[in-house]
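> Taken in order, the sequence shown gives residues 1338 to 1594; the numbers are from our numbering.
A virtual CB, placed ideally from N, CA and C, is assigned to each residue, including glycine.
Keep in mind it's a predicted model, so treat the numbers as computed, not measured.
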Amino acid sequence: MRGETCIAIATFFTSVSLILLIVAHVGEVNTDTVPRKLYMAEVNVTNYGTAFRNGTGINAPGLYTSNVSAPLGEGNGLRQLYSWGIYGFCAFLSPGHSQGTCGNQTFGNGFTPFDVILSDVPEAYVEYTRVLVPDASAFKNSAYLSNLTKSGFDLLFVGTLAAFVALVTGLIRHKVAFLLASFSSIIGSLFLMIGATLWSVAINKAESINRGVVRGATPLGMVMTTGPQLYLFWVAFVMLLVSTVPYTVSCWSFLKR
């Protein structure tokens, strides 16, 4: 296969990968139509009120808020849905991702679902919630989840930069540039794979909350699911991985000239 053909193929796959990565990086940065639908994981707490009443015998007025403008993290009441991206989280008054507000966006934000949800619980119900959420669940281990996902973010970010470098250098007709493009695509693929894996492990561990019950039978009412943002990172990884083959072939082709 001619080197020029390989470069064209590699450029296509790298371009697709980079576009997917750019889209993935805007997830949960605000409540606009696209960002609010892109999240790494979400927790639906709509039915937690029922579990709270069954587990404590308290009706818990004010456990949820209906005020979309109420600040997050100040015990003003739970939202129905919480969604996390790699830079922060957003909370919504309805499961349909409507009437939402977002927390502060942080570079390398850690995934700490229990801490975020607990910070919205009114003070009178905080200790009850601590007891109702099982200690054995990784969902409650914020330090563990935060460390995993912060490391995962670092790798995803560097992998994204590597994909950009591969795309740009692959367009330069020079042996060194092709060598750098090949190297960048390989490193980028590796970092994206490990980063996405760390996030996948964290979410999978946190999903143990889905099996939580109160008084032996009533579901806890906190349900975590994986979001489309994570799948975008995985597809982007595959696209960049595929590009490593034509990049490497073209590199050797031009080195032999």
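1. For the beta strand (DSSP E) containing Val1380, list its first residue and its last residue.
2. Is the number of C-beta pairs between the region 1373-1393 and the region 1548-1567 that are closer than 8 angstroms three or more?
3. For Gly1437, report the span of its beta strand (DSSP E) as first-last.
4. Among the residues of its own chain, which have a CB less than 7 angstroms from the CB of Thr1342, if the five just before and after it don't count?
5. Counting only runs that start and end within the region 1381-1434, where is the alpha helix (DSSP H) found for 4 or more residues in a row?
6. Which stretch, first to last residue, makes up the beta strand (DSSP E) that contains Met1530?
7. Rounded to the nearest angstrom, how far is the Cβ of Pro1432 from that of Leu1415, given a contact under 8 angstroms?
8. So, at 7 angstroms on beta carbons, what are the nonlocal neighbours of Ser1474 in its own chain, with the 5 sequence-adjacent residues on each side left out?
9. Using the C-alpha atoms, what's the distance from Ser1587 back to Ala1480?
10. Between the alpha carbons of Ser1483 and Arg1467, how many angstroms are there, rounded?
11. Quick one: what does DSSP say Met1561 is sitting in, helix, strand or coil?
12. Does the distance from the C-beta atom of Val1405 to that of Thr1438 stay below 8 angstroms?
13. When you compare only the Cα positions, how much space is there between Ile1454 and Phe1448?
14. Measuring straight from C-alpha to C-alpha, what distance separates His1434 and Leu1357?
15. Looking at the secondary structure, which residues open and close the alpha helix (DSSP H) in which Phe1501 lies?
16. Taking only three categories from DSSP, how would you classify Val1551?
17. Check Pro1583 in the structure and name its three-state DSSP category.
18. Looking at Gly1507: is its Cβ nearer than 8 angstroms to the Cβ of Thr1351?
19. Tell me where the alpha helix (DSSP H) around Pro1459 begins and ends.
20. Exposed or buried, which one is Asp1457 when buried takes at least 16 other CB atoms within 10 Å?
21. What are the residues that DSSP puts in a beta bridge with Pro1556?
22. Quick one: Cα of Tyr1424 to Cα of Gln1442, how far?
23. Would Ile1540 pass as a contact of Leu1492 if the rule is Cβ separation under 8 angstroms?
Taking the definition as stated:
1. As a working mapping, residue 1380 is identified with position 43 in the sequence shown. Taken as a continuous stretch (DSSP letters only), the beta strand (DSSP E) holding Val1380 covers 1378-1381.
2. yes
3. If you number the sequence shown from 1, residue 1437 lands on position 100. Its beta strand (DSSP E) spans residues 1435-1439.
4. Residue numbering aside, residue 1342 sits at position 5 when the sequence shown is read from its first letter. Cβ within range, chain order: n/a, list empty.
5. 1385-1393
6. Looking up residue 1530 in the sequence shown gives position 193. Counting along the chain, Met1530 falls outside any beta strand (DSSP E), though it belongs to the alpha helix (DSSP H) covering 1512-1543.
7. Here residue 1432 refers to the residue found at position 95 of the sequence shown. Here residue 1415 refers to the residue found at position 78 of the sequence shown. With 8 angstroms as the limit, Pro1432 and Leu1415 do not qualify as a contact, their Cβ atoms being about 13 angstroms apart.
8. Numbered from 1 along the sequence shown, position 137 holds the residue referred to as residue 1474. Same-chain partners within the cutoff: Ser1545, Ile1546, Gly1549.
9. In the sequence shown, counting from the first residue as 1, residue 1480 sits at position 143. In the sequence shown, counting from the first residue as 1, residue 1587 sits at position 250. Taking the straight line from one Cα to the other gives about 45 angstroms.
10. On the sequence shown, position 146 is the one that residue 1483 refers to. On the sequence shown, position 130 is the one that residue 1467 refers to. Computed Cα separation, rounded: 19 angstroms.
11. Translated into the one-based positions of the sequence shown, residue 1561 becomes position 224. Met1561 falls in the strand class under three-state DSSP.
12. Here residue 1405 is taken as the residue at index 68 of the sequence shown, counted from 1. Here residue 1438 is taken as the residue at index 101 of the sequence shown, counted from 1. Going by C-beta atoms, Val1405 is nearer than 8 angstroms to Thr1438.
13. Your numbering for residue 1454 matches position 117 in the sequence shown. Your numbering for residue 1448 matches position 111 in the sequence shown. If you take the alpha carbons of Ile1454 and Phe1448, they lie about 12 angstroms apart.
14. Mapped onto the sequence shown, residue 1434 falls at position 97. Mapped onto the sequence shown, residue 1357 falls at position 20. Between His1434 and Leu1357, the C-alpha separation is close to 22 angstroms.
15. Indexing the sequence shown from 1 puts residue 1501 at position 164. Counting along the chain, the alpha helix (DSSP H) containing Phe1501 begins and ends at 1479-1506.
16. Within the sequence shown, residue 1551 is the residue found at index 214, counting from 1. If DSSP states are grouped into helix, strand and coil, Val1551 belongs with the strands.
17. One-based indexing of the sequence shown puts residue 1583 at position 246. Helix.
18. Translated into positions along the sequence shown, residue 1507 becomes position 170. Translated into positions along the sequence shown, residue 1351 becomes position 14. Closer than 8 angstroms, so yes.
19. Along the sequence shown, one-based indexing puts residue 1459 at 122. Segment: none, Pro1459 is in no alpha helix (DSSP H) and carries neither H nor E.
20. Translated into positions along the sequence shown, residue 1457 becomes position 120. Buried.
21. Walking along the sequence shown from the start, residue 1556 turns up at place 219. Per DSSP, Val1550.
22. As a working note, residue 1424 is residue 87 in the sequence shown. As a working note, residue 1442 is residue 105 in the sequence shown. Near 5 angstroms, if we compare the C-alpha coordinates of Gln1442 and Tyr1424.
23. Within the sequence shown, residue 1540 is the residue found at index 203, counting from 1. Within the sequence shown, residue 1492 is the residue found at index 155, counting from 1. Taking 8 angstroms as the Cβ cut-off, Ile1540 and Leu1492 do not qualify as a contacting pair.
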